[in-house]
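Below is one structure, written out as structure tokens; comments come after it.
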């Protein structure tokens with residue numbers, strides 16, 4: 012019953028676009044201590060989400076879409092230890108008041124869940140899994156909202172962006188493979204920006220005019 016509630020709460024915050032299927036949870040850690048709870052979740056649509064709740068209220072939410080390479084690296088790291096995690100000194104779900112609960116649903120492995128406390132000596136596979144989850148959580152927490160918006164951006168003519176060098180530019184043409192032709196405001200300078208250089212040139216995408 013508790014696992015069902017955990018999954019139900021997870022799906023409630025899962026990033027879903029209208030018309031798309033609800034993504035499946037690949038792995039999730041719910042860390043809790045007193046009134047503070049931190050959840051990091053990786054979905055099979057390559058979206059990773061971190062949320063923080065204090066006294067039941069959400070105080071932080073951040074999500075990012077992993078690129079194919081990043082996603083494959085995390086999946087491989089999880090898969091290398093998935094069959095052996097929690098094998099030693101496992102605490103049953105709900106048996107601890109402070110610590111973390113991890114649920115795994117990796118392709119090729121039977122779904123499993125286990126808990127551990129911060130003072131528990133972890134076996135090597137579990138310690139490696141926790142380290143990878145720590146890395147994923149930090150990666151998601153530190154991503155800026157503007158960086159994530161840029162990852163998901165589908166550019167169109169007349170879109171405006173803020174540039175790292177200052178000022179703004181307007182998209183005048185969108186070519187194959189994400190190549191952008193933009194005109195810098197004020198100077199009229201034409202910028203040609205390949206998709207792989209967006210994050211080096213564009214600071215953030217400005218809201219579209221209604």
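In the numbering used here, the protein residues as written are 12 to 221.
Where a beta carbon is used, it is the ideal one built from N, C-alpha and C, also for glycine.
For residue 147, the number of other beta carbons within 10 angstroms of its own is at least 16, and it is reported as buried. Looking at the backbone, the Cα of residue 210 and that of residue 178 are separated by about 16 Å. Using a Cβ distance threshold of 8 Å, residue 151 and residue 76 do not count as a contacting pair. By the 16-neighbour rule on beta-carbons within 10 angstroms, residue 33 is exposed. Residue 110 is bridged by DSSP to 43.
Counted as a single uninterrupted DSSP element, the beta strand (DSSP E) harbouring residue 124 occupies residues 123-127. Bounds of any beta strand (DSSP E) do not take in residue 190, whose DSSP letter is neither H nor E.
Residue 64 is bridged by DSSP to 48 and 69. Non-local beta-carbon contacts of residue 164 in its own chain, meaning distances under 7 Å to residues more than five positions away in sequence, involve 216 in chain order. In this structure, the straight-line span from the alpha carbon of residue 56 to that of residue 36 is close to 9 Å. Taken atom to atom, the span from the alpha-carbon of residue 213 to that of residue 48 is near 34 Å.
In this structure, 167 is the residue among 200, 175 and 167 with its C-alpha nearest to the C-alpha of residue 218.
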